[in-house]
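In order, the protein sequences belong to chains D and H. No gaps in the numbering here: position 149 of the first sequence is 148 in numbering that gives the first Met the number 0, and each next residue is one more. No gaps in the numbering here: position 171 of the second sequence is 170 in numbering that gives the first Met the number 0, and each next residue is one more. Structure record follows, encoded as structure tokens.
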Amino acid sequence: MSDEERPRADANADVGAGVNGNAGGGANANENAGGGANGNPTGAETEAGADPGSLTPTGADAATPTAADATRTGATRTGATPAERPATPAERPAPGSPDAVVCAGLSYVFGETRAVDRVDLRVGAGEVFGLLGPNGAGKTTVIRCMTTLLPVPSGKVTVFGHDAAKEAMAVRRLLGYVPQQLSADGGLTGRENVTLFARVFDVSRKERAARVQQALEAVDLLESADRLAKTYSGGMVRRLELAQALVSAPRLLMLDEPTIGLDPIARTSVWEHIDAVRRATGMTVLVTTHYMDEADQYCDRVALMHRGRIRALGTPGELKADLRERRADDSEPTLEDVFRDVAGSGLGDEGGDFRSVRSTRRTATRVG
Amino acid sequence: MSEAPAAPRPGSADATTARPVDQLDLLLTPPTPRSGWRVPAARAWAMCLVELQKLRHDRTELYTRAVQPALWLLIFGETFTRIHAIPTPGVPYLDYLAPGIIAQSAMFIAIFYGIMIIWERDAGVLTKLLVTPTPRAALITGKAFAAGVKSVIQAVVVVVLAAILGVSLTWNPLKLLGVVVAVILGSAFFSCLSMSIAGIVLTRDRLMGIGQAITMPLFFASNALYPVAVMPGWLQVLSRINPLSYEVDALRGLLLGTHAHLLLDFGVLLVAALAGITAASSLLGRLAR
Ligand SMILES: Nc1ncnc2c1ncn2[C@@H]1O[C@H](COP(=O)(O)OP(=O)(O)OP(=O)(O)O)[C@@H](O)[C@H]1O
Ligand SMILES: [Mg+2]
Chain D
0 MSDEERPRAD ANADVGAGVN GNAGGGANAN ENAGGGANGN PTGAETEAGA
50 DPGSLTPTGA DAATPTAADA TRTGATRTGA TPAERPATPA ERPAPGSPDA
100 VVCAGLSYVF GETRAVDRVD LRVGAGEVFG LLGPNGAGKT TVIRCMTTLL
150 PVPSGKVTVF GHDAAKEAMA VRRLLGYVPQ QLSADGGLTG RENVTLFARV
200 FDVSRKERAA RVQQALEAVD LLESADRLAK TYSGGMVRRL ELAQALVSAP
250 RLLMLDEPTI GLDPIARTSV WEHIDAVRRA TGMTVLVTTH YMDEADQYCD
300 RVALMHRGRI RALGTPGELK ADLRERRADD SEPTLEDVFR DVAGSGLGDE
350 GGDFRSVRST RRTATRVG
Chain H
0 MSEAPAAPRP GSADATTARP VDQLDLLLTP PTPRSGWRVP AARAWAMCLV
50 ELQKLRHDRT ELYTRAVQPA LWLLIFGETF TRIHAIPTPG VPYLDYLAPG
100 IIAQSAMFIA IFYGIMIIWE RDAGVLTKLL VTPTPRAALI TGKAFAAGVK
150 SVIQAVVVVV LAAILGVSLT WNPLKLLGVV VAVILGSAFF SCLSMSIAGI
200 VLTRDRLMGI GQAITMPLFF ASNALYPVAV MPGWLQVLSR INPLSYEVDA
250 LRGLLLGTHA HLLLDFGVLL VAALAGITAA SSLLGRLAR
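Encoded structure:
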């Protein structure tokens, strides 16, 4: 296996993540890899996976457990450099630091609905990881399991080495969470909304006002900070929620569709603030979205989810390059094309507004 | 009651672009966690503060909520004082009624406050609080105390109303402190009662129905309007297991100086509040799903 080899993005290539790349492989092999990831999230595999976005380039057959094991034990290998984005110092985690999130064999069932179906996922410390998928794919459910809002009925979820099922309090201290719905308290001012979160995260009294001020400044809300949040626009509420999440200096920011329902300008604004804060703090960001253009532009790595399963995983560039190779034509595929390819052309009744974002995404196409 | 999520206004004008953030030094270090009993205490204080801030921004609730107790005292109280239909040894009926109305209006507020947890869940506000390092019991304790704070403010309004109507109440600060404690404990119980029901029925509509269905029976099956002695036997039994009766008894003893079983009253209220907090915290997880 050489680094020059074209990465097979959709297969089970990333050993640390051990993702169920179902596009090419059978479920059994994937389960095996998941079991491996289950073993020791902070140990040997971090060495191979320490580099953010290190999608270990392997051949197409890497999905077999033997290949996976070989890579894991071969810890002398250095992580491959990400195909496109050279990691800046802020993005590179300290050597030996545990992965931000490791999800192994996670399943969640609502009554009859298999919302999450044996998901294996690894988010490296310091990376921006995008969880993509159409409506009902199970993205929110995965996030809610990671945030300890939902129990972990089967499988294992660890956040910076802490088991979400057993050490919920330790996990919550590391998280900044912005749920899918706009959820600032309209009866309070922006500043009071942020101060509440400073309080419940035990920010000391002498630091509180200054911290709140910085959080508000980081999202450009200082001017409107003392207005009631019910007078805010959608984009402002989102930025306010971002400030609420930031005030506790989380190591992992979990954003569930941070740009849903926002106009293109507000979307860009929210993303640029996320990006700026991440650059300044080096925190890990796990984000879900329907918008492929955003994922393409801002995420180091993405996982494509459909009907509760992860269907593909890699850097946006890798996924696109992989599709171009398989299609064997000259046209430059977009991430959305990759998504259609992975999820199947007919997205069915759950497809929702996927089609509608097509026009906006054209403007933001990046080099593939 | 401004729990609605901040509604996005149409036509957002978010043309701001992020400048490179340089003033972030404080946001790089996580705060030092509190431990032990300080956690629930700090959370309770945070929740109470939120309620006070909301009341400061919007006082209409304070006024609208004063209407009902005013009507009870003015119409029901004055009328029944005149016709002497209810035997209240030693004190005029209006005086007898005033502590009952304080307890009743505090209870209404507390039950409605508990119902709001469903709004908060639906609005995502509760969801975010559940992802903070706040144990479920501390969150519920905080909510219960916040309900208590609202109720105390309401109680002050009713006490002033009663004083204006000529009810002779005590101004002994120690006794007034006792009144505050009784109102907080009672409200903690009733808000936990409705939060527990919220955890069971899970939807707003069902909870509203149940909330409406239980408030009046709780009020009538207590000694708030009439002495236990004049009730039929079955109602006396209900009144005896109703924490509102103990709250009213304590308030009467403290405010009017009538004979009361203060130790028993406060004991029952404390146990009821603790039981309520336990029940509501164990059911809170159901609201997170
Ligand atoms: N509380 C619930 N009770 C029952 N079913 C649920 C519940 N929450 C989610 N589901 C179901 O689980 C599946 C996954 O839902 P989820 O919200 O995780 O999807 P999603 O990827 O976040 O979708 P969206 O993009 O619309 O937010 C869906 O089929 C949904 O109907
Ligand atoms: Mg969702």
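Glycine included, every Cβ here is placed at the ideal spot set by N, Cα and C.
Per DSSP, residue i forms a beta bridge with which residues?
i: L227/D; result: T188/D
i: L318/D; result: In DSSP, L318/D forms no bridge with anything.
i: E302/D; result: Sequence inspection shows Ala at residue 302/D; the Glu mentioned does not correspond to that position. Answer by DSSP bridge pairing, in chain order: L130/D and L312/D.
i: L120/D; result: C102/D
i: G175/D; result: L252/D
i: V158/D; result: V100/D and H161/D
i: F109/D; result: T112/D
Rounded to a whole number of angstroms, what is the C-alpha to C-alpha distance between residue i and residue j?
i: Y225/H; j: Y92/H; result: 9 Å
i: R117/D; j: R310/D; result: 11 Å
i: G210/H; j: F188/H; result: 14 Å
i: S281/H; j: R135/H; result: 8 Å
i: R266/D; j: A143/H; result: 38 Å
i: K149/H; j: L131/D; result: 44 Å
i: P257/D; j: F265/H; result: 48 Å
i: R210/D; j: L239/D; result: 14 Å
i: K165/D; j: V100/D; result: 15 Å
i: S330/D; j: R226/D; result: 50 Å
i: F338/D; j: L303/D; result: 7 Å
i: P242/H; j: C144/D; result: 39 Å
i: S193/H; j: M106/H; result: 11 Å
i: M115/H; j: D336/D; result: 45 Å
i: G307/D; j: T133/H; result: 30 Å
i: T257/H; j: D248/H; result: 9 Å
i: L54/H; j: E77/H; result: 31 Å
i: R33/H; j: A114/D; result: 36 Å
i: E111/D; j: L105/D; result: 17 Å
i: A212/H; j: A274/H; result: 22 Å
i: A320/D; j: P332/D; result: 8 Å
i: V227/H; j: G99/H; result: 13 Å
i: L48/H; j: A145/H; result: 8 Å
Looking at ligand 2, does it come within less than 7 Å of residue i, judged from the CB to the closest heavy atom?
i: T288/D; result: no
i: E293/D; result: no
i: E50/H; result: no
i: Q180/D; result: no
i: E256/D; result: yes
For a contact meaning CB atoms closer than 9 Å, what does residue i contact in chain H?
i: Q180/D; result: P4, D121, A122, G123 and T126
i: F159/D; result: Going along chain H, no residue has its Cβ under 9 Å from F159/D, so there is no contact; the nearest lies around 12 Å.
i: R210/D; result: L25, L26 and P30
i: T280/D; result: V20, L23, L26 and L27
i: A327/D; result: Those within 9 Å of A327/D in chain H number zero; the least Cβ separation is about 41 Å.
i: A103/D; result: Per Cβ cutoff of 9 Å: no residues; A103/D is ~21 Å from chain H at best.
In chain D, which residues lie with their C-beta within 8 Å of the C-beta of residue i?
i: L132/H; result: Here residue 132/H is Pro; the residue named in the question, Leu, does not match the sequence. Per Cβ cutoff of 8 Å: M168, R171, R172, V199, F200 and D201.
i: H56/H; result: G186, L187, T188 and L227
i: V49/H; result: D184, L187, E191 and L195
Under 8 Å between beta-carbons, which chain H residues line up against residue i? List them in chain order, please.
i: L149/D; result: A287 and R288
Using a cut-off of 7 Å between C-beta atoms, extract the partners of residue i located in chain D.
i: K53/H; result: G186 and L187
i: R33/H; result: D201
i: L129/H; result: L148
i: A45/H; result: L195, R198 and V199
i: V200/H; result: The contacting residues do not exist; V200/H stays about 18 Å from chain D at best.
Show which residues of chain D have a CB atom less than 9 Å away from the CB atom of residue i.
i: A41/H; result: R198, V199 and D201
i: H258/H; result: The contacting residues do not exist; H258/H stays about 43 Å from chain D at best.
Quick check: is the beta carbon of residue i nearer than 8 Å to any beta carbon in chain B?
i: A145/H; result: Absent from the structure is chain B; the protein chains it does hold are D and H.
Cβ closer than 7 Å: which chain H residues qualify as neighbours of residue i?
i: Y176/D; result: K127 and V130
i: L334/D; result: Correct list: empty, because the minimum Cβ distance to chain H is about 23 Å.
i: D247/D; result: In the sequence under discussion, the amino acid at residue 247/D is Ser, which differs from the Asp named in the question. Ordered by position in chain H, the residues that pass the 7 Å Cβ test against S247/D are P29 and P30.
i: A163/D; result: Chain H residues near A163/D: none, gap ~11 Å exceeds 7 Å.
i: E206/D; result: L25
i: Q296/D; result: The contacting residues do not exist; Q296/D stays about 14 Å from chain H at best.
Review point. With distances taken from each beta carbon to the nearest heavy atom of ligand 1, which residues come in below 5 Å, in chain order?
Key: F109/D, T112/D, A114/D, N134/D, G135/D, A136/D, G137/D, K138/D, T139/D and T140/D
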